[in-house]
Every structure is written in structure tokens, then in C-alpha cells.
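Student: Under my numbering, residues 5 to 461 are what the sequence shown spells out, in order. Yeah, the Cβ is synthetic: ideal placement off N, Cα and C, and Gly gets one too. I'd like to ask you about the structure that follows.
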Amino acid sequence: MSTTSSHSDPMEAEIERALAPGRFVSDRGCFRFVDGLEQVAATVGRLVDDEPVRAATLYETFLAGCYEKAEEVDDSSDSFGMFAQSLISGWITARQAAQASPQQTAARLLAWMDDDQYGFCHRLEREIATVFGEAGIAAFIDQIRSRFEAADQAATASAGSDQGDQDARRRSAETLRWAETLRSLYTARGDLDAYVDLTERTGLTTDDCLTVANLLVTRGDPAQALSWAERGLDLDANQPYPSFAAHSLTELKPRLLADLGHGEQALETAWAGYRKHPDRYSYDHLITFVPHAERPGWHDRAITVALDGDRYLPAVIELLLHTDETGRLGQLAARTSDCSWEGVGHHTAEQAGAALEPGHPGDAARIWRAQGMRILEAGKSKYYGAALRYFEHAKRCYQQAGQPAQWQQVVDEVYVQHGRKTSFLPGFDAVVTGTDPAPQPSFLDQAKARWSRHTPK
Numbered sequence: 005m006s007t008t009s010s011h012s013d014p015m016e017a018e019i020e021r022a023l024a025p026g027r028f029v030s031d032r033g034c035f036r037f038v039d040g041l042e043q044v045a046a047t048v049g050r051l052v053d054d055e056p057v058r059a060a061t062l063y064e065t066f067l068a069g070c071y072e073k074a075e076e077v078d079d080s081s082d083s084f085g086m087f088a089q090s091l092i093s094g095w096i097t098a099r100q101a102a103q104a105s106p107q108q109t110a111a112r113l114l115a116w117m118d119d120d121q122y123g124f125c126h127r128l129e130r131e132i133a134t135v136f137g138e139a140g141i142a143a144f145i146d147q148i149r150s151r152f153e154a155a156d157q158a159a160t161a162s163a164g165s166d167q168g169d170q171d172a173r174r175r176s177a178e179t180l181r182w183a184e185t186l187r188s189l190y191t192a193r194g195d196l197d198a199y200v201d202l203t204e205r206t207g208l209t210t211d212d213c214l215t216v217a218n219l220l221v222t223r224g225d226p227a228q229a230l231s232w233a234e235r236g237l238d239l240d241a242n243q244p245y246p247s248f249a250a251h252s253l254t255e256l257k258p259r260l261l262a263d264l265g266h267g268e269q270a271l272e273t274a275w276a277g278y279r280k281h282p283d284r285y286s287y288d289h290l291i292t293f294v295p296h297a298e299r300p301g302w303h304d305r306a307i308t309v310a311l312d313g314d315r316y317l318p319a320v321i322e323l324l325l326h327t328d329e330t331g332r333l334g335q336l337a338a339r340t341s342d343c344s345w346e347g348v349g350h351h352t353a354e355q356a357g358a359a360l361e362p363g364h365p366g367d368a369a370r371i372w373r374a375q376g377m378r379i380l381e382a383g384k385s386k387y388y389g390a391a392l393r394y395f396e397h398a399k400r401c402y403q404q405a406g407q408p409a410q411w412q413q414v415v416d417e418v419y420v421q422h423g424r425k426t427s428f429l430p431g432f433d434a435v436v437t438g439t440d441p442a443p444q445p446s447f448l449d450q451a452k453a454r455w456s457r458h459t460p461k
């Protein structure tokens, strides 16, 4: 990527200092590094109103510098890549302020997208669609559409020739690439007709149905939006696994029915969706369609369904916590095996244990015990401190519940199954006896003791 400047600009020295050529930027230092780049970019941005041509040149120089710097940056956070994209947006803004040719601007953007070894232009169309003016976005779409047509014709010709499958797949992927770019641009512009025409050529997906439905919602046409939502759900029903788009359509459909005055049908649809996947989010969605006077009854039905059958345990636990159903959470805990509790993540299990301690200490004790055992079974020594805290909770809850024998079973189990975890046992001994663990010598005390054994007297 080359710059368009033929004369050195004083700002270039600021850009070069900020990029710090030759110095590697670690992941930890990347945010601070990018913060310095953003300060320089802000100075360039202030030139756009009075010196747009100069600003455009500096943006392009800055972007070229980012490509040159890329090998010296650990951009695991993607902050450097996002900054590079912001330079492209600034460059477009400056070019438009300078009344540069929209066709030339679009052509140069496409050239950068073609030669983008560090991914700075990945999904660029989503970012720049909000920056381009009408003439610029039209020029960009025209050139993208030309590429799509060329790739589509090549793929069609390849499919009917004797060329290898690999070449055909490559050309098909090129067609899909430009089709996806057009989809993003049409969506950003709200160009419903162009979007639908494109899906007729490339094949309709559940994601397309969701996009079209949302575009129709913004146009104030819930009836047509509902038709597309149902179409998308029918498409997804033929797939082996539900898509994210289908989940969104499942939530959108009852809202559209409600907007059309079909309140009872909206409630039935939301209820059907909840029964398939009962969790705190589908519960909240369902309740929005229930009349206030009927909510207690519907709440009871919803919780009963969630507890009935083989449901995903963490989701049910979160639902019961979300709805303050501590009593039913205790019932669920009582019938859930220790092995199943060990499979629940610590965040959800901790909330459940804390909620159950006051009124259901025996059930809480089993949860705390399971979390401690989970760490020991995994052998994660760096989490032994957390395991000890879990066992302290378990001991206290067993005592509160009047179940000393159950606590003794836990103690015996730990000693028998994990008696060789010498870094864990001193702390566990202290939990069992109720004493403070013996203080461990400091790092330097250990070092001096080891040193003295190897030093002649």
C-alpha cells in the first residue's frame, strides 16, 4: 500500500514516532500503544474541515505505516486492527470533504481489500457503510456488484466445464464473498428490493429471512415481516441444528403477532418457544405477553415445565435464581446427583449454594462439596485455595443442617481419593480441625535454607 504524498508533511514525523518502528508491542501494551496512535489520528481528523486533501494523504500514510508495523504488534485484542479500520473511515471522510471522485475512492478501497494480508479490511463494508455519502456508497456497491457478477459467471462456466473441482470451489467462494459484502451494504442502506433480488440468485437462508423481516419492521410493515419470519422458521426446521437466526426469529414472531393485534396467538407462540428452551431469557420474553392479572398462574406453569423432564441443569438453576424460586431450587438440588452438581460451572453453583444456605443448608452443603471435588478431580492445583473455601462452606452447612455424618463422609472421601495431593492436604487438615494452617516459610526463607545446605561451613 503506497501513499499519495509527494512531499514530506510535518505530521508524518508525529505518525512515525507514534508507530515506534522497530519496537515490539506486546498484547499487554497494545491498548496503551493504540491510545497513542488515536491521539495522533485525532490531530489528523481536525484537518479535514480546512485541509481535506492533506488529511486524506496523512490518513493513507498512517494506514501504510500500520501495515508496515503489523509484524511488530501482538494484536490479540484486535485493538490495533480496529484502529486501522478507523483510519480507513477517516480517509473516506476526508476524501468526501475534498470532493474526490467516489469511483476512485471505491476502486482504491477494493484494491486494499484485495491485498489485505493482516485483515485490516475484514468486514470493512459494515464499518464504512455508515461513513460513505450517497454517491460514495452507490459507487462502492456498483463496483462490488461488478465483481459479484464476474465471479458468478466464472463459477457458472466452471461448473459446466471440465475444470477441476478445486477451481470451481474457489470461484464459488469468491461469489459468496462478494454476495455477503453486498448483503451487508444493502442492509446498511435499507435497500430491501436489492437484498431480496440477491437472495433469489444466491439462495435464501434463515439469516436472510431475519434480515428482511427486520428491514420490514423498520418500514412499519409487521404483516410482511411476520410472513418472512415464518418463512425463515420453516427453512430452519429442515436443518439438523437450530441457528442463531432462528432463535431471533422465534422471539420476533410473537412481537409481530402482538403488533398486529393477535395477543392470544402471540402468547401461544411465545409459550411454544419457551417449552422448547426454558431459561431465564425465554421466561422474561414469555412474561411480556402475559396480562398482569394472569402472570402468577403463568409463572407457576413456566417453572413447572422447566423442572419437568431432562432439562439443561445450569439453565434451570439460573431460571430459579432469576425468579427467586428458592424453595423449588432446594427441591431440584435434593434430587440432583453429586456427579451432576460437579458438572455445573462455579459461577452458577456458587449462586445456588449461597441462595440455599439460609433455608436449605443440607442441599447447599452438597453443592459446595461438589465444587470442591470438581477442582480436586481435575487436579487444578492453582485453584486449591478455592476448593478449600468450598469445603469450608460445606462443613459449615453440614453442621447447620445437623448432618455431621455426611461431612465425615466428605472428609474420608478426600483423604482416600486425594491423599497424595500434598500441596492441598495441609489446608484441608486445617478445615477439618478448625485450626489455622501452619504458616508456610516465605520464598526467601526457603531459598536461604536451601542455600545453606549447599554452602560449606
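#1: Please report the straight-line C-alpha distance between residue 191 and residue 277, rounded to a whole angstrom.
#2: Determine whether the beta carbon atoms of residue 186 and residue 223 lie at a separation below 8 Å.
#3: In angstroms with no decimal places, state the Cα-to-Cα distance between residue 241 and residue 232.
#4: Going by beta carbon distance, what residues of the same chain come within less than 7 Å of residue 392, once the five residues before and after it are set aside?
#5: On the DSSP bridge list, what partners appear for residue 221?
#6: DSSP puts residue 415 in a beta bridge; with which residues?
#7: Can you tell me whether DSSP reads residue 294 as helix, strand or coil?
#8: Take residue 345 and list the residues in its own chain whose beta-carbon comes closer than 6 Å to its own, dropping the five residues that flank it on each side.
#9: Quick check: the Cα distance between residue 378 and residue 70, rounded to an integer number of angstroms?
#10: Quick one: what's got a C-beta closer than 8 Å to residue 387's C-beta in the same chain, skipping five residues either side?
#11: Taking a contact to mean a Cβ-Cβ separation below 8 Å, would you say residue 402 touches residue 369 in this structure?
#12: Who are the near neighbours of residue 323 in its chain, counting only those whose CB is closer than 7 Å to its CB and skipping five residues on each side?
#13: Would you call the CB atoms of residue 179 and residue 156 closer than 8 Å?
#14: Per the contact definition of three or more C-beta pairs closer than 8 Å, is the stretch 69-84 in contact with the stretch 44-52?
#15: If you drop the 5 nearest sequence neighbours on each side, which residues of the same chain put their C-beta closer than 7 Å to that of residue 351?
#16: Can you tell me where the alpha helix (DSSP H) holding residue 93 begins and where it ends?
#17: Look at the Cβ atom of residue 299, then the Cβ atom of residue 291, and state whether they are nearer than 8 Å.
#18: For residue 397, which of 33, 353, 424 has the nearest alpha-carbon?
#19: So what does DSSP say about residue 29, is it helix, strand or coil?
#20: By how many angstroms is the C-alpha of residue 289 removed from the C-alpha of residue 216?
#21: Excluding the five sequence neighbours on either side, which residues of its own chain have a C-beta within less than 8 Å of the C-beta of residue 267, listed in chain order?
#22: Distance check for residue 22 and residue 10, CA to CA, integer angstroms please.
#23: So, are the CB atoms of residue 162 and residue 131 less than 8 Å apart?
#24: So residue 56 is in the alpha helix (DSSP H); what residue range does that whole segment cover?
#25: From which residue to which residue does the alpha helix (DSSP H) around residue 78 run?
#26: Is residue 427 helix, strand or coil by DSSP?
#27: Do you know how far the Cα of residue 136 is from the Cα of residue 193?
#28: Counting only the same chain and skipping the five closest in sequence on each side, list residues whose C-beta sits under 6 Å from that of residue 239.
#29: Mapping the DSSP letters down to three states, classify residue 305 as helix, strand or coil.
#30: In its own chain, which residues sit with a C-beta less than 6 Å from the C-beta of residue 321, not counting the 5 before and 5 after it?
#31: So which of 302, 100, 106 has the shortest CA-CA distance to residue 53?
#32: Excluding the 5 residues preceding and the 5 following residue 77 in the sequence, name in chain order all residues of the same chain whose CB lies nearer than 8 Å to its CB.
#33: According to the Cβ coordinates, are residue 214 and residue 271 closer than 8 Å?
#34: Applying the criterion that 16 or more other CB atoms from any shown protein chain within 10 Å of the CB defines a buried residue, is residue 12 buried or exposed?
#35: Could you compute how far the alpha carbon of residue 58 sits from the alpha carbon of residue 110?
#36: Rounded to whole angstroms, what's the CA-CA distance from residue 119 to residue 181? Just pull it up for me.
Tutor: Based on what the coordinates show:
#1: Here residue 191 corresponds to residue number 187 of the sequence shown, with the count starting at 1. Here residue 277 corresponds to residue number 273 of the sequence shown, with the count starting at 1. Looking at the two C-alpha atoms, the distance is approximately 27 Å.
#2: Walking along the sequence shown from the start, residue 186 turns up at place 182. Walking along the sequence shown from the start, residue 223 turns up at place 219. Not in contact: residue 186 and residue 223 (Cβ atoms no closer than 8 Å).
#3: Walking along the sequence shown from the start, residue 241 turns up at place 237. Walking along the sequence shown from the start, residue 232 turns up at place 228. C-alpha separation (whole angstroms): 14 Å.
#4: In the sequence shown, residue 392 corresponds to position 388, counting from 1. Around residue 392: 431, 432, 435.
#5: Numbered from 1 along the sequence shown, position 217 holds the residue referred to as residue 221. The partner list for residue 221 (beta bridge, DSSP) is empty, contrary to what the question assumes.
#6: To locate residue 415, count along the sequence shown from 1; it is residue 411. DSSP, once it has assigned bridges, lists no residue as partnering residue 415.
#7: On the sequence shown, position 290 is the one that residue 294 refers to. Note: residue 294 maps to coil in three-state DSSP.
#8: If you number the sequence shown from 1, residue 345 lands on position 341. Here the set comprises 371, 374.
#9: For the purposes of this step, residue 378 is taken as residue 374 along the sequence shown, with counting starting at 1. For the purposes of this step, residue 70 is taken as residue 66 along the sequence shown, with counting starting at 1. Cα to Cα, the separation comes out at about 46 Å.
#10: To locate residue 387, count along the sequence shown from 1; it is residue 383. Only 379 meet the Cβ criterion.
#11: Translated into the one-based positions of the sequence shown, residue 402 becomes position 398. Translated into the one-based positions of the sequence shown, residue 369 becomes position 365. The answer is yes: Cβ separation under 8 Å.
#12: The sequence position of residue 323 within the sequence shown is 319, counting from 1. Cβ within range, chain order: 282, 283, 284, 287, 310.
#13: On the sequence shown, residue 179 is found 175 positions in, with the first residue counted as 1. On the sequence shown, residue 156 is found 152 positions in, with the first residue counted as 1. Closer than 8 Å, so yes.
#14: no
#15: What you label residue 351 is simply residue 347 of the sequence shown in a count that begins at 1. Closer than 7 Å at Cβ, skipping near neighbours: no residue.
#16: As a first step, residue 93 must be located in the sequence shown, where it is residue number 89. Where residue 93 is concerned, the enclosing alpha helix (DSSP H) stretches over 83-101.
#17: Along the sequence shown, read from residue 1 onward, the residue named residue 299 stands at position 295. Along the sequence shown, read from residue 1 onward, the residue named residue 291 stands at position 287. Cβ distance < 8 Å, so residue 299 and residue 291 count as in contact.
#18: Taking the first residue of the sequence shown as position 1, residue 397 is located at position 393. Considering only alpha carbons, the answer is 353.
#19: Here the question's residue 29 lines up with position 25 in the sequence shown. Note: residue 29 maps to strand in three-state DSSP.
#20: Residue numbering aside, residue 216 sits at position 212 when the sequence shown is read from its first letter. Residue numbering aside, residue 289 sits at position 285 when the sequence shown is read from its first letter. Answer to the nearest angstrom: the Cα atoms are 22 Å apart.
#21: Here residue 267 corresponds to residue number 263 of the sequence shown, with the count starting at 1. Correct list, in chain order: 261, 293.
#22: Locating residue 10 in the sequence shown gives position 6, where the first residue counts as 1. Locating residue 22 in the sequence shown gives position 18, where the first residue counts as 1. Annotation note: pLDDT 46 at residue 10 (below 50); position unreliable, coordinate value reported separately. Cα-Cα distance, rounded: 21 Å.
#23: The residue labelled residue 162 in the question sits at position 158 within the sequence shown. The residue labelled residue 131 in the question sits at position 127 within the sequence shown. In this structure, residue 131 does not lie closer than 8 Å to residue 162 by Cβ.
#24: What you label residue 56 is simply residue 52 of the sequence shown in a count that begins at 1. That run of the alpha helix (DSSP H) goes 56-73.
#25: In the sequence shown, the residue the question calls residue 78 occupies position 74. That residue, residue 78, is in no alpha helix (DSSP H); it is neither H nor E in DSSP.
#26: Indexing the sequence shown from 1 puts residue 427 at position 423. Looking at residue 427 - three-state DSSP - the assignment turns out to be coil, as it is neither helix nor strand.
#27: On the sequence shown, residue 193 is found 189 positions in, with the first residue counted as 1. On the sequence shown, residue 136 is found 132 positions in, with the first residue counted as 1. About 11 Å.
#28: The residue given as residue 239 occupies position 235 in the sequence shown. Closer than 6 Å at Cβ, skipping near neighbours: 210.
#29: Taking the sequence shown and counting its residues from 1, the one referred to as residue 305 is at position 301. Residue 305 falls in the helix class under three-state DSSP.
#30: By 1-based counting over the sequence shown, the position of residue 321 is 317. 352, 356, listed in sequence order.
#31: Residue 53 sits at position 49 when you count from the first residue of the sequence shown. Taking only the C-alpha atoms, the option nearest residue 53 is 100.
#32: On the sequence shown, position 73 is the one that residue 77 refers to. Result list for residue 77: 28, 29, 34, 37, 84, in chain order.
#33: Your numbering for residue 214 matches position 210 in the sequence shown. Your numbering for residue 271 matches position 267 in the sequence shown. Against a cut-off of 8 Å, the Cβ pair of residue 271 and residue 214 comes out as no contact.
#34: Sequence index remark: in the sequence shown, residue 12 carries index 8 (1-based). So residue 12 ends up on the exposed side.
#35: Here the question's residue 58 lines up with position 54 in the sequence shown. Here the question's residue 110 lines up with position 106 in the sequence shown. Going by the C-alpha atoms only, they are around 19 Å apart.
#36: If you number the sequence shown from 1, residue 119 lands on position 115. If you number the sequence shown from 1, residue 181 lands on position 177. When rounded, the distance between both Cα atoms is 15 Å.
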